[in-house]
Amino acid sequence: MSLLVIGGTGTLGRQVVLQALTKGYQVRCLVRNFRKASFLKEWGAELVYGDLTKPETIPPCLKGITAIIDASTSRANELESLKKVDWEGKLSLIEAAKVANIQRFVFFSAQNVEQFENIPLMKVKNGIEIKLKESSIPYTIFRLSGFYQGLIEQYAIPILENLPIWVTNENRYISYMDTQDIAKFCLRSLQIPQTKNQTFFLSGSKSWVSSEIINLCEQLAGQRAKVQRVPLFILKLVSRFFGFFEWGQNISDRLAFAEILTTENNFSNSTFDLYKIFKIDPSELIQLDDYFLEYFIRLLKRLRDINFEDVQKQKNLVI
Ligand SMILES: NC(=O)c1ccc[n+]([C@@H]2O[C@H](COP(=O)([O-])OP(=O)(O)OC[C@H]3O[C@@H](n4cnc5c(N)ncnc54)[C@H](OP(=O)(O)O)[C@@H]3O)[C@@H](O)[C@H]2O)c1
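According to this note's numbering, the sequence shown holds residues 16 to 334 in order.
1. Under 7 Å between the Cβ atoms of residue 8 and residue 88?
2. Relative to the alpha-carbon of residue 243, which residue among 181, 61, 99, 315 has its alpha-carbon at the smallest distance?
3. Taking 6 Å as the cut-off, is the beta-carbon of residue 43 closer than that to any non-hydrogen atom of ligand 1?
4. Among residues of its own chain, excluding the 5 on either side of residue 144, which ones have a beta-carbon nearer than 8 Å to its beta-carbon?
5. Is residue 188 helix, strand or coil when you go by DSSP?
6. Quick one: does the C-beta of residue 47 sit closer than 6 Å to a heavy atom of ligand 1?
7. In this structure, how does DSSP classify residue 266 when only helix, strand and coil are distinguished?
8. When we look at the beta-carbon of residue 249 and count the other beta-carbons within 10 Å, is it buried (16 or more) or exposed?
9. With distances taken Cα to Cα, identify the nearest neighbour of residue 82 among 100, 111, 289, 55.
10. Would residue 171 and residue 34 qualify as a contact pair, given that the criterion is a beta-carbon distance under 7 Å?
11. The beta strand (DSSP E) that contains residue 179, what's its start and end?
12. Out of 134, 53, 166, 240, which has the shortest C-alpha to C-alpha gap to residue 93?
13. Is residue 28 near ligand 1, with its Cβ less than 6 Å from a heavy atom?
14. Between residue 231 and chain D, is the shortest Cβ-Cβ distance under 7 Å, so that the two count as touching?
15. Assuming residue 139 is part of the alpha helix (DSSP H), what are its boundary residues?
16. Verify whether the separation of the beta carbon atoms of residue 100 and residue 67 is less than 7 Å.
17. Can you list, in chain order, the residues of its chain with a C-beta nearer than 8 Å to that of residue 164? Leave out the 5 residues immediately preceding and following it.
18. Could you tell me the distance, in whole angstroms, from the CA atom of residue 58 to the CA atom of residue 209?
19. Whole-angstrom Cβ separation of residue 175 and residue 238, contact assumed at under 8 Å?
20. Once DSSP output is grouped into helix, strand and coil, what is the label at residue 225?
21. Under a three-way DSSP split, which group does residue 124 fall into?
22. Does residue 71 come out as helix, strand or coil in the three-state DSSP assignment?
23. Kindly examine ligand 1 and report whether one of its heavy atoms sits closer than 6 Å to the Cβ of residue 89.
24. Just verifying my parser: in three-state terms, what is the DSSP assignment at residue 159?
25. Based on Cα-Cα distance, which residue from 37, 49, 24 lies nearest to residue 85?
26. Near residue 52, which residues of its chain fall below 7 Å by C-beta distance, leaving aside the five closest residues on each side in sequence?
27. For residue 104, count the other beta carbons within 10 Å of its own beta carbon; 16 or more makes it buried, fewer makes it exposed. Which is it?
28. Please report the straight-line C-alpha distance between residue 139 and residue 223, rounded to a whole angstrom.
29. Starting from residue 214, trace the beta strand (DSSP E) in both directions and tell me its first and last residue.
30. Starting from residue 84, follow the beta strand (DSSP E) in both directions and report where the run begins and ends.
31. Say yes only if the C-beta of residue 162 is nearer than 6 Å to one or more non-hydrogen atoms of ligand 1, and no if none qualify.
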């Protein structure tokens with residue numbers, strides 16, 4: 016089976032590429048910038064030039080491809096690129112996939128998309144889900160919650176840099192996941208016929224409230240966090256006037272998905288079935304505390320190395 020990964024340079028896409036190569040798939044990556052994507056080539060992937068905003072570049076990338084894994088997205092706070100990449104670009108991709116007789120199209124959506132038509136990214140995600148289902152291309156859709164990787168910027172770095180952490184007042188639980196585990200589900204779906212033409216709510220085995228994540232980071236960093244609380248109703252009010260994505264990057268990163276992710280849904284009820292279908296034991300998944308622990312250990316080692324290098328440089332100057 017030969018795979019075309021779109022968004023291979025991204026947070027999730029690179030994990031998909033790495034694991035697919037390890038499993039022996041032939042992996043081609045549609046990339047906009049060969050230099051930026053050179054690490055994918057070093058791993059063993061084939062790079063082809065393509066840009067979802069340039070529809071004519073898509074069909075040549077699909078020659079000889081069996082399955083598409085689309086992990087691409089624009090920056091959610093830029094409405095124009097959202098329209099060009101996540102809407103028009105994906106429509107062109109679906110059309111090209113139909114012509115190329117693609118046997119599986121994996122698309123990453125988000126939780127509760129149909130309930131948030133007022134949020135541009137959610138509207139286009141829902142629209143693409145519908146178009147894909149109507150396309151007759153065999154598909155698998157994963158509706159995701161947040162990534163562990165995003166929590167570093169949201170919690171760990173502000174604590175380390177003594178900056179405020181913005182959280183909502185509501186204490187709702189969110190099941191974040193490591194992108195390595197999402198990639199595992201994604202690749203497993205290609206081998207399980209039951210996953211054809213299905214939509215899965217993919218969530219981690221444990222849910223977290225923001226206060227628990229803050230406590231964890233405080234312990235690991237040995238520093239207290241400065242927490243700023245924003246009531247969810249203020250967030251909703253502001254979003255109604257300005258749209259989520261006009262918040263400053265810092266706040267929007269933290270809060271843009273707060274409402275979406277904290278909306279009650281039944282995905283946790285189906286989590287058990289999901290693991291069974293994919294034959295993945297929840298204990299195999301990376302836990303958030305282990306993920307943060309590894310991050311802080313690596314960071315502290317790096318800081319020690321920098322200190323050591325500085326001392327050596329000073330010694331050399333004295334000599
Ligand atoms: N992050 C989350 O918490 C979250 C939550 C729910 C769902 N998701 C979904 O999960 C998927 C992966 O998200 P992510 O956070 O891993 O994304 P990401 O890190 O922002 O990466 C986006 C990727 O899309 C590529 N891309 C952007 N514009 C493109 C274009 N015009 N043509 C071709 N490629 C283009 C980028 O390539 P360049 O390197 O060239 O920029 C990059 O490889 C997305 O569908 C996202 O909506 C994410």
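Backbone N, C-alpha and C fix where the C-beta goes; we use that ideal spot for every residue, glycine too.
Considering the structure as presented:
1. With the chain covering only 16 through 334, there is no way to say anything about residue 8.
2. 181
3. no
4. 122, 124, 128, 156, 214, listed in sequence order.
5. coil
6. yes
7. Note that residue 266 scores 45 on pLDDT, short of 50, meaning its location in the model is unreliable; the coordinates nonetheless yield the value given after this. In this structure, residue 266 counts as helix in the three-state DSSP scheme.
8. exposed
9. If you compare the alpha carbons of 100, 111, 289, 55 with that of residue 82, the shortest gap goes to 111.
10. no
11. 179-183
12. 134
13. Yes.
14. In the structure shown, chain D does not exist; there is a single protein chain.
15. 135-149
16. yes
17. 26, 193, 194
18. 30 Å
19. Yes, residue 175 and residue 238 are in contact; Cβ-Cβ is about 7 Å, under 8 Å.
20. helix
21. Under the three-state reduction of DSSP output, residue 124 falls in the strand class.
22. helix
23. yes
24. strand
25. When the alpha-carbon of residue 85 is set against those of 37, 49, 24, the nearest one is in 24.
26. 23, 24, 44, 46, 62
27. buried
28. One C-alpha to the other measures close to 28 Å.
29. 213-217
30. 82-85
31. Yes, since a heavy atom of ligand 1 falls inside the 6 Å radius drawn around the Cβ of residue 162.
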